[in-house]
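Residue numbers (the working numbering): -6 to 448.
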Amino acid sequence: MENVVAINNLAQAVPSGRLVEKEEEIKKELVVGRDMRASCFEITEPDPNDDLTGDKEAQMASLFARYKKTLINRTNHHLGYPYNLDFDYGDLAQLQHFSINNLGDPFIESNYGLHSRQFEVGVLDWFARLWEIQKDEYWGYVTNCGTEGNLHGILVGRELFPNGILYASKESHYSVFKAARMYRMECVKVGTLVSGEIDCANFKAKLLANKEKPAIINVNIGTTVKGAVDDLDLVIKTLEESGFTRDRFYIHCDGALFGLMMPFIKRAPKVTFKKPIGSVSVSGHKFVGCPMPCGIQITRLEHINTLSRNVEYLASRDATIMGSRNGHAPIFLWYTISRKGCKGFQKEVQKCLRNAQYLRDCLRFAGISAMHNDLSSTVVFERPLDEDFVHKWQLACEGNIAHIVVMPNVTIKKINVFLNELLQKRSNWYQNGKINSPCIAADIGPQNCACTLHY
Ligand SMILES: *Cc1c(COP(=O)(O)O)cnc(C)c1O
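See below:
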């Protein structure tokens, strides 16, 4: 099969910068984004005449008008990252004039009066109900992002088990491995199935090899690249079978992506504090949709006392990762959750899954390798050969594969526009079938691969 395009050739067609990363002894060539230094908006010092001429003001206004146009265009062509770009927070514009900051503990008012704890605790209570933990048994906060939730959850686990080993599947988000580096924790990477789920046979072998140390486990409720959901029940069973009693393990659930979708899928396994888990985190700007990054972290109240310190300067308690905390974010979350409610989220989840299915089917029908995990709205497919195309549609790529995450703003119409363009481009890349598309069976399984060998 000499005319199968080797994936190494892919990068050669790429004009932008390259980075060679050494990871696990394998040299990989990564395509990195464009260098921003040439296109930055330089800040110029105000001129004494500016007030008179109004030139600077006019320049700035025109710059913002152009920037807004770019944002609209980029919003219309966004498919790759799991951000719901469909929202309207017009009612909240009036709050922009205030420096709202929830520094300290959400449940203990600090001396700084411009805070939004009323909204924050409302949001947290809602999530506590969703993940089935009593009001007086949980603690949590609105974070800056899903990463902060992971950093916090893993820290809680580390404080409980200072010599514990962190276990995470190799398809876990990079923030999990960052946490291990930051906290200097021993970290064991666990293998995955083709679907992207944690491989519990491999997990068991690794647990048995480290029986003397407690286990801190990151469980993925939707992996970043394939949208795979780790089988929480099987993880717990594997721990028990390997001789880890409940006082010797801590589970953090990284639900950044699907933490808010899974509860609304009937056939999905349940994430609940009725199971022996320690914490769950989710990103607020992903499925919910929010103009600023944010997230939610919920853990058990009993765990937080080991972690927190009272701070006189705040008149509050320090149990969060960050100091100052965005006080606007909880209001935005409160607003959307109040307006949509569980029914609204459920409808949107169903729509996303349907549209993801549609996208997967269309790709396969067109002879393009594609995979879609049942519980997810992420569609994985062959990496487009043209980096400009990837850039235009803001596709997230890793190795030989790319993905689209179907969020509520990704409509059938948008999918169709994308598909038409992809098919057109593809006929050039592969010269109307004269060149075969690459085999990606190793990434998505032979049954999903449309290369000449597997089709
Ligand atoms: C996006 C994501 C994160 C990180 O969330 P941020 O809000 O971007 O910090 C963590 N885990 C998973 C699985 C994700 O998809």
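For each residue, glycine too, the CB sits at the ideal point set by N, CA and C.
Rounded to a whole number of angstroms, what is the C-alpha to C-alpha distance between residue i and residue j?
i: proline 262; j: glutamate 190; result: 13 Å
i: lysine 197; j: asparagine 413; result: 46 Å
i: glutamate 164; j: threonine 185; result: 7 Å
i: leucine 346; j: valine 264; result: 19 Å
i: isoleucine 405; j: asparagine 348; result: 7 Å
i: tyrosine 160; j: cysteine 180; result: 6 Å
i: tyrosine 60; j: isoleucine 289; result: 30 Å
i: tryptophan 132; j: serine 32; result: 44 Å
i: isoleucine 324; j: isoleucine 397; result: 29 Å
i: isoleucine 361; j: leucine 23; result: 23 Å
i: leucine 232; j: cysteine 432; result: 36 Å
i: phenylalanine 100; j: arginine 177; result: 30 Å
i: glutamate 17; j: isoleucine 210; result: Note that glutamate 17 scores a pLDDT of 48, beneath 50, so its modelled location is shaky; the value from the coordinates is reported in the next line. Using only the alpha carbons, I get a separation of about 21 Å.
i: leucine 352; j: lysine 333; result: 26 Å
i: methionine 400; j: phenylalanine 251; result: 11 Å
i: asparagine 298; j: threonine 37; result: 49 Å
i: arginine 30; j: serine 317; result: 29 Å
i: alanine 4; j: isoleucine 93; result: In this predicted model, alanine 4 has a pLDDT of only 38, less than 50, meaning its place in the structure is not dependable enough to derive any value.
i: glutamate 341; j: valine 403; result: 11 Å
i: lysine 128; j: phenylalanine 266; result: 12 Å
i: alanine 54; j: tryptophan 124; result: 46 Å
Are the beta-carbon atoms of residue i and residue j separated by less than 8 Å?
i: histidine 296; j: threonine 217; result: no
i: asparagine 195; j: valine 183; result: yes
i: phenylalanine 170; j: alanine 208; result: no
i: leucine 144; j: isoleucine 314; result: yes
i: asparagine 393; j: arginine 419; result: no
i: valine 273; j: isoleucine 258; result: no
i: serine 103; j: leucine 307; result: yes
i: histidine 70; j: tryptophan 386; result: yes
i: lysine 204; j: isoleucine 229; result: no
Buried or exposed for residue i, going by 16 or more other Cβ atoms inside 10 Å?
i: serine 370; result: buried
i: alanine -1; result: Because alanine -1 sits at a pLDDT of 38, beneath the cut-off of 50, its placement in the model cannot be relied upon, and the following sentence gives the value as read from the coordinates. By the 10 Å Cβ count, alanine -1 comes out exposed.
i: methionine 175; result: exposed
i: lysine 219; result: buried
i: leucine 225; result: buried
i: leucine 117; result: buried
i: glutamate 234; result: exposed
i: histidine 90; result: exposed
i: phenylalanine 34; result: exposed
i: arginine 239; result: exposed
i: arginine 151; result: buried
i: glutamate 141; result: buried
i: valine 25; result: exposed
Using CA atoms only, rank isn't needed, just tell me which of the options is closest to residue i.
i: leucine 85; options: Cys283, Leu45, Lys199; result: Cys283
i: leucine 326; options: Glu102, Tyr134, Thr46; result: Tyr134
i: phenylalanine 237; options: Cys246, Lys199, Asp223, Ile214; result: Lys199
i: glutamine 343; options: Gly26, Arg67, Pro256; result: Pro256
i: leucine 88; options: Ala322, Trp422, Val372, Leu415; result: Ala322
i: leucine 415; options: Ile437, Glu380, Asn366, Val222; result: Glu380
i: glutamate 305; options: Asn42, Leu56, Leu96, Phe34; result: Leu96
i: glutamate 391; options: Ile408, Phe382, Glu130, Val373; result: Val373
Just checking: is the beta-carbon of residue i within a distance shorter than 8 Å of some beta-carbon in chain D?
i: aspartate 44; result: The structure shown contains no chain D, having only a single protein chain.
Q: Just jot down, in chain order, the residues whose CB lies closer than 5 Å to any heavy atom of ligand 1.
A: Cys138, Gly139, Thr140, His166, Thr217, Asp247, Ala249, Leu250, Ser276
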